Structure formats: C-alpha cells, structure tokens
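Beneath this line is the structure, given in structure tokens, with notes to follow.
Residue numbers (full-length UniProt numbering): 1 to 563.
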C-alpha cells in the first residue's frame, strides 16, 4: 500500500514510521514545504497522514482540496492534530477525512486498524476488477458519478445502461448489478426479478434516493443483496460492496465445492462422461416426460469392438487413452442437451431428448465414422458397434433398454462396425452377406435349446450366403427345407421344456412358433414357384427366425434357466 506521511513532529513521525514500516513498504515521509516540490501526485497514494497543528491547518486544506479536485474517492486521509475546534473537525469530516486523531492520545494499534480497513477496500477494488459489472440507472448524472468512481479506481469491466428495457433485452449475465429503484418502463423491482430468473449468484445492489422501508425491504426479499441511498457515500458504498463480495466469494466457494462433489458423484473419472447412476436417474425423468407425456427421445448404445484385445496387445494405459479419446470425440459431436454416459467398460450410452430414431441413427453413424478415424498412437484401427432405438408408447424402461441392447448385440453378431436400429438387421453390407456369430449372447442356459439354436444359426448363415450366388435356387430350396424341418422339431422340443418349467407365457409362445412355421411353409411354396426372390427368404431368416424368434421371444424365458 502506498502511504504518504506529511510530518511536522520528528518524534511522532518516527513512532508512526516504526509502526507502519514493519508491514508496509510503500511508506514515504515529507514536510509541508517538501510537498510543494514532491514529484508524485496526491492521487498516487492510498493513504495520506497529515500532522496538522494550528499553523498548518491552511496547508491541510490545500492538500484536501487537491484530493477532492482529483476525484480520487479512495484516497484516504487521517489527520493528527492538537487543539482543533469542533467546527474545524466538522468541516474536515464534511470534506471526506477518514479520521482525526488527537496528537496526545495517539494509539498506534488504532492506526493499524485504519490501515486494515483501507487494505480491505484495496482488496474489494481488486475483486471488482475481475468482475463483470452492470449499472442500470435512468439518470445520466448518476451514471456519470458511478462511472467516475469506477474509472478512477481502475475498474473498467463495467457496462452502463440508462434504459432498463435495453439492459433486459441485452440478456447478458454479470457478477455485480447496481440497479436504480425508480426507472421508466421497468423499475428496479422488475429488473431484480428478471435478473434472479436467470442468475441466482450475481450481487445486486439497489440504489435509491427514496428511503421508504417497505419498498426497499420488498426488493431485498425478491433478490437484492443490499441497498444504498443517493447521493452516494463512496465509503459506505465500498463497505456494502466489500460485505457483498465476501458473501459472494463464500457462496461461489461453496458452489464450486458442491459442483466438484457433484462431478465426482455423477462423472466417470477416466472419460469425464456421466456415470451409469446419473444416467439411470436422467433416463427415468426423460422416460416419464417422453413415453408417458407424449414427447419423445432416442437412445444410442455403443461399444468399442475387440477392446479386450486392445488392452491385451497395447496395455491398459493405451486402452484408457482410447476410451478417453472416444468420449472426447463423442462430446463434440452431440448436442448440449444430449447426455453422454460411460455405461460400463468399453460401452457408452447417449440419451437424445426430443430426437426421433432417424435423427439418432444419423448421429450414431456419424460417431461410428469418427471413431473409425480416431487415432491413438501405437494403436491400430479402432471400430465400434451401435444399437439405436426411440421410446414408444407401450414401452417400459426395461423394454426400451432391452431393445437398444439387443440392437447393439445384433450389430456385433453380424459383423461389427455398424449401426442397428430397433433390432432391424441389414442382410448385406457393401454387397457382402451378413454372417451371424453364435456366442454367449444367444445362450439360454438350457443345453438342448442352446444346441438347437446354434444349429439354427448355422443353417441360417448357409442360406444367407447362398442367396447371393446366382442361379442357386435348387440349393437354397434344399437349405430352406432343412431349416423348416429343424425349426419344426426345435419348436416341439422347446415347447416341451417350457411346459415342464411352467412358463407363464407358454400358450402365447406356442402361438408365435405356429405362426412362424406357417409363414415358413408359405414362403417355401412361393420360392419354389418363383413368386418371391431368395432375398425375401434371407430377410425372413434374419428378421423372423433369428431376431423375431430367438431375440424378441426366446430371450424372455432365458431367466428360467439362469436363476
């Protein structure tokens, strides 16, 4: 802090110098005579200590006038005097003197307290320099007074509005608002109310020339932090600001602390994506709003192909970089309203409020392409598989998750690095027929059913690959007849097992089997007569037999064998 001591008494000067210099380096001493030729202006200092006896009171007035002329509201003045009249004291206080101390009753601890209060003002100014400030007042004079104050204090992050409507239309967010109570169009109460609708953290100081307690208390109750009366007393203004800023900093600190705790509780520490528990909570809210209240949302579930191999071949550190790189990439591709979650391991989920399945599928395909282009040093090509679905009126949370999960598995089982929506599988990609991989996904837990399902998928793959060979109808008919015979026998065996286990949906499941067999026989006849193409058979095999029968129907009873 820069302090200028205009001294008359060498002994007193030494005492003050000793008391101050041990804490403040910017301390200088001059006499009144030396002040005339002093190279630094009065407004260079934050505190001026004046020893003013009866002979130097006129010189004291000259110094005070210089301070007032400079409009340096934050140049503080302490006068040390002896035998000063009450009238003179009143005059000096009226001219902005901070304190008048009797020379014979001087207390150095008291000096330190004064300086501490000035330091507090300095800290307040430092804080204000880092804050965005809005002053709203229809009086140009009041605006100019406040602008002089902020400018002279080196505070330049201030916007001034003499039109409350223009301020509200600006829709800008500030850290500190200085608001006049009475204004045309929108008065202070309206402005405060509008600010608090969007900004609960900013400081609001109400400025008014009316001392009506009810109006002021009402404004405080709806969101103002403090008030001050016109004409402004800048010492009082600084005290109010200092108090509000302290509260603001405490509030900010608590908010930041809460936010950090919230981030830890809701975010995955590695990728920065939301975690599974947060997504479940968010999903339930979106489900209630979407499926039950007529709105909509879609879900993308995807994972990284062969990720275990990446960890095994390149190490977990590289694997972590792949996961983080994927999350960063996806965050840039989705909307602010979308929610990215690390669902588990190498699996991610994106919740897209308001999005239809067509939009979500486009997003998924875009993510798939970008993941394929992702490069992590030392790691070869990275690919990903996707399931996509949209909420439907008849959905439960479980049925929606099951559908998107099945879609993801179908993407992985039919070649990976693709997008499958609503369990719909394309029979070929780039002219190459799909191949359905038998794996744990299909295992029911019952050995006989699993063996027959594996055989069913093997026959299905043979039919799919042969349908893309020209002039191969006879071979396809033989395979299709083999599938028909296998399905009929399998359905009989499966029904017997389900009946033995008292499956509640037995009758409905039996009907599904019967419908599939009838459709298969009709398709066989139509294919033999040339009424349908082999491609129609492939679609039936994939969508009806594999997806419709095993995934959509049989999965419901798997729990019977996994208790």
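Ideal Cβ positions, reconstructed from N, Cα and C, are used throughout, including at glycine.
Just so it is clear, the structure is predicted and the values come from calculations on it, not from any experiment.
Report all residues from its chain with a CB closer than 8 Å to the CB of residue i; omit the five preceding and five following residues, and keep chain order.
| i | result |
| --- | --- |
| residue 15 | 106 and 108 |
| residue 133 | 150, 155, 157, 158, 159, 174, 175, 176, 177 and 178 |
| residue 374 | 322, 325, 326, 329 and 382 |
| residue 448 | 493 and 497 |
| residue 147 | 135, 158 and 160 |
| residue 255 | 201 |
| residue 31 | 6, 7 and 8 |
Just grab the DSSP bridge partners of residue i for me.
| i | result |
| --- | --- |
| residue 387 | 301 and 420 |
| residue 259 | In DSSP, residue 259 forms no bridge with anything. |
| residue 353 | 297 |
| residue 330 | Partner(s): none; residue 330 has no beta bridge. |
| residue 203 | 176 |
| residue 564 | Absent from the structure is residue 564, since the part of the chain shown begins at 1 and ends at 563. |
| residue 226 | 205 |
| residue 433 | 428 |
| residue 99 | 78 |
| residue 544 | Partner(s): none; residue 544 has no beta bridge. |
| residue 347 | 303 and 344 |
| residue 52 | 81 |
| residue 159 | 134 |
Once the 5 residues before and after residue i are set aside, which same chain residues still bring their CB inside 7 Å of it?
| i | result |
| --- | --- |
| residue 455 | 486 |
| residue 297 | 286, 290, 351, 352, 353, 354, 355 and 391 |
| residue 334 | 340, 350 and 363 |
| residue 411 | 385, 386, 387, 418, 419 and 420 |
| residue 556 | 505 |
| residue 185 | 164 and 165 |
Helix, strand or coil for residue i per DSSP?
| i | result |
| --- | --- |
| residue 87 | helix |
| residue 341 | strand |
| residue 513 | helix |
| residue 4 | strand |
| residue 248 | helix |
| residue 277 | helix |
| residue 210 | coil |
| residue 443 | coil |
| residue 231 | coil |
| residue 138 | coil |
| residue 12 | helix |
| residue 122 | helix |
| residue 487 | helix |
| residue 473 | helix |
| residue 555 | helix |
| residue 190 | helix |
| residue 45 | coil |
| residue 464 | helix |
| residue 93 | helix |
| residue 133 | strand |
| residue 267 | strand |
| residue 549 | helix |
| residue 325 | helix |
| residue 143 | helix |
| residue 71 | Since pLDDT at residue 71 reaches only 48, below the 50 mark, its modelled position is unreliable, and no value is offered. |
| residue 532 | coil |
| residue 37 | coil |
Only counting the same chain, and skipping five residues up and downstream in sequence, which positions put a Cβ closer than 6 Å to that of residue i?
| i | result |
| --- | --- |
| residue 321 | 376 |
| residue 199 | 173 |
| residue 216 | 227 |
| residue 561 | 444, 445 and 446 |
| residue 189 | 219 |
Do residue j and residue i come within 7 Å of each other at the CB atom, strictly closer than that value?
| i | j | result |
| --- | --- | --- |
| residue 51 | residue 11 | no |
| residue 164 | residue 145 | no |
| residue 564 | residue 47 | A question about residue 564 goes unanswered here, because the residues of the chain that appear run from 1 up to 563. |
| residue 82 | residue 103 | yes |
| residue 464 | residue 419 | no |
| residue 388 | residue 414 | no |
| residue 140 | residue 162 | yes |
| residue 386 | residue 302 | yes |
| residue 245 | residue 127 | yes |
| residue 118 | residue 76 | yes |
| residue 501 | residue 452 | no |
| residue 242 | residue 120 | yes |
For this session: Could you say if the region 399 to 419 and the region 310 to 317 meet the contact criterion of at least three C-beta pairs nearer than 8 Å?
Result: no
Exercise. Do the region 199 to 206 and the region 235 to 251 touch if we need at least three Cβ pairs shorter than 8 Å?
Worked result: yes
Problem set entry | Cβ pair count under 8 Å reaching 3, the region 455 to 469 against the region 512 to 529 | no
Problem set entry | Stretch pair the region 265 to 276 + the region 340 to 349: three plus CB contacts closer than 8 Å | yes
Exercise. Would you say the region 498 to 512 touches the region 471 to 478, given that touching needs at least three Cβ pairs under 8 Å?
Worked result: no
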